[in-house]
Each structure stands twice: as C-alpha cells, then as structure tokens.
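Following: one structure in structure tokens, then a few remarks.
In my numbering, the protein residues as written are -2 to 386.
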C-alpha cells in the first residue's frame, strides 16, 4: 500500500480521534441504551402500556381525545395519537411544543406530555411529563448532547462526519504493509496470549474492522438527519426523473362543515380498518387551516413498511394515499423512508438490531483503546539528547 496514503490516513485517524473520541463514546453508549427502548419500557412499566380488560367496543377517537386534553395542564391540546392493532394496548396521546433556538435540553421542550388512556373505558392511566423521562433524556443526549438544536445537533452532526472519516482511514491503516501469513492472522484475530498492550491494539484493530460496515450504515443514516443539503442531494440524485410528491392540503370550506369530532371519528375508523392486518399507527392532527390529518400505518417492526394517508380536516376525505410497495416511488424517496430502520438495524430484522447493539458497544470502546495505543506510542518515543555545549 502507498506509504503516503497510509501516513495520511494515520494522521487523520489519530487527530480526529483525539478531537471527537469523547463525543463518539457518548453517542455509542446512548445508542446502546436506546436500541431496545420500547421493549424495556413495556417490561418495566406494563400497566402504562397495556389494558387490564379487553372489551368488545372502544370509545370513539373524539371522546378519547377530549379526555386526554382534559387531563393535560394549562388547557394544552394534543397533537397526535399512537394506536396499536394489539387489543391489549393502550392509546398514547402526545402534546408537544419545542424551541429550536434553545441552548439546553430543559429549554428545548417548552412542554412535552404523553397521556395514556384505556380505549375501552376512557380512563386516564397516566399523564407523563416526557421531559423527565429517562429515555427521552438519553435520546436528547444521543442527538444533541443536551445542548439544544443549534449547538448540540451541530456538534453531533460533525462528530458523525468525523467518525465516517475515521472508519475509512482506520480501514486503510488496518490493511498491512506486507501481506503474509502472520499479518493475515493479525488482521482477523486477537492474540489473547500476548501482553496487554498487544491485546489492546488487537481489540482496536480487529474489532474495529468487524464493525466497520454496520457503523458506516449507522453513520450514513445519521448524516442524512444532520445535514439537510446531503439529504436533498441523495434524494434528488437517486430519484432522477421520478415525480416529486405534492403536499396534500385541506380545502377550507366557504360554508359550515361537519364538526371536528365527527371528522376525527371518520379518520380514526378508516385508520382502524387499515390497521386490522398491520401492527401500529400514528395519527397526527392538523396544525394549520390547510393542514391535514396525517396517518402512518406500519405493517410490522420495520418502520418503512407502511401506508400513509392524508385526510381533509373538514370533510374526512382521503386526499392522498401511498403504500411503500408503490412502484412509482423514486429510489431516493424509498431510501429516505428506510433511514430510521437503517440507523437502528431493524431493516435487517431482530438479527440486525442485535448486531447493531454489539457494533455500538464496540464503537464506544474504540476511542478508549485508541487513546491507550496513542499513550503507549508516545511513551516509546525516545527523548532528544541535549547537545553538549
């Protein structure tokens, strides 16, 4: 391998690693915690997510929405509801308002509540101040380092970009100068019988290689979220001449229309019907006069496998319907829809999630083992002797 390329890669790997190592550790550790967030929540606090008695009929969406808003402080309004095809699951209404200019986590959320309701009885099981939720704090630490959208997201965004460069440069360094049997063995195996310095080196070198592909996929998805320009470029490039989706808008009626509660019940019933052979759904309520009821119905554990609806908020009419199987969806749009599953590993099923979990654990160790290698090499450097006068 070209020695200049190798030296350049080494210098990039070293100094970028020293610059961003701590942030990478934080993002990797928090990513591990969030890997099985839903499963952990359901196991720790099942009474919040599951009903005690399943009945034949559920209350209407409009009644449940009213009960949720009555339970909220300061006359707040709910903005969306999460429902499940599992008859034992509760409904979760959300009320959220953010300040993107805030400089800390606690100021980022002006308010953030979740209201858990038994859909059969309308009983409010819990009003959760989500700002204090452990997993919500971990999520913000993962995304923004608790430093707000402007500063925190910028730091994690560029740290992710640095991590991508480090992964590629690490791959260059991993490849030996001369290929032989001994070098080949050192590329893929940790020499556990060696001294701890060598074991530490092998852990950094070998484990880093084995996780480079899942980590690159994780990093790619994170870059899509952090850099809008990159996101648009990828989507437009891959879409080519595919038609761009037009945003659905409600038609503001000139005369009186149906009551909002009736429309919500129409929308809810239509979503429930679509949910029969699927897993879960989110219904987001209109925010403006031209806004729509937006529903996303997910088939299973892969978020991108869904169908989407936009309903006119004044008539309940379906303005737009799209299924992930539609052939007219551009490649860029299809890839963008898979971004969350690509980042979490769920695109490869449960096996992918477990693989990503261990990859994130190793990612958290790489800056530590790398720093130890740096310290050991620094100690080895002989001190320059002072010239005799």
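All residues carry an ideal CB built from backbone N, CA and C; glycine is no exception.
With distances taken Cα to Cα, identify the nearest neighbour of residue i among the options.
| i | options | result |
| --- | --- | --- |
| residue 67 | 123, 40, 349 and 26 | 123 |
| residue 147 | 182, 118, 102 and 108 | 102 |
| residue 221 | 1, 19, 7 and 339 | 339 |
| residue 326 | 242, 35, 7 and 246 | 242 |
| residue 305 | 312, 151, 267 and 285 | 267 |
| residue 248 | 311, 303 and 223 | 311 |
| residue 156 | 291, 104, 273 and 217 | 217 |
| residue 14 | 159, 144 and 44 | 159 |
| residue 35 | 136, 144 and 258 | 136 |
| residue 65 | 313, 125, 83 and 37 | 125 |
| residue 236 | 128, 365 and 331 | 331 |
| residue 42 | 130, 367, 52 and 19 | 130 |
| residue 324 | 375, 240, 347 and 291 | 240 |
| residue 264 | 45, 78 and 18 | 78 |
Confirm, please, whether the CB-CB distance from residue j to residue i is below 8 Å.
| i | j | result |
| --- | --- | --- |
| residue 176 | residue 213 | no |
| residue 87 | residue 48 | yes |
| residue 112 | residue 132 | no |
| residue 23 | residue 100 | no |
| residue 309 | residue 58 | no |
| residue 307 | residue 317 | yes |
| residue 289 | residue 245 | yes |
| residue 76 | residue 295 | no |
| residue 199 | residue 210 | no |
| residue 194 | residue 373 | yes |
| residue 353 | residue 215 | yes |
| residue 73 | residue 106 | no |
| residue 145 | residue 223 | no |
| residue 116 | residue 37 | no |
Between residue i and residue j, which are expected to be in contact by the criterion C-beta below 8 Å, what is the C-beta distance as a whole number of angstroms?
| i | j | result |
| --- | --- | --- |
| residue 173 | residue 184 | 7 Å |
| residue 201 | residue 363 | 6 Å |
| residue 428 | residue 277 | No information on residue 428 is available, as it lies outside the stretch -2 to 386 that the chain covers here. |
| residue 297 | residue 233 | The Cβ separation is near 30 Å, so there is no contact. |
| residue 69 | residue 110 | 6 Å |
### Task
Specify whether the stretch 165 to 172 and the stretch 194 to 211 touch according to this definition: at least 3 beta carbon pairs, one from each stretch, less than 8 Å apart.
yes
### Task
Scan the stretch 238 to 293 and note each continuous alpha helix (DSSP H) run of 4 residues or more that stays entirely inside, going in chain order.
257 to 272
### Task
Would you be able to state if there are at least three C-beta pairs under 8 Å between the stretch 344 to 361 and the stretch 23 to 34?
yes
### Query
Which ranges would you report for the alpha helix (DSSP H) in the stretch 167 to 211 if only whole runs of at least 4 residues count?
178 to 185 and 193 to 207
### Task
Please specify which runs of the alpha helix (DSSP H), each continuous and at least 4 residues long, are wholly inside the stretch 313 to 345, giving them in chain order.
328 to 334 and 336 to 341
### Query
Unbroken beta strand (DSSP E) runs of length 3 or more, entirely within the stretch 23 to 109: which are they?
77 to 81 and 88 to 95
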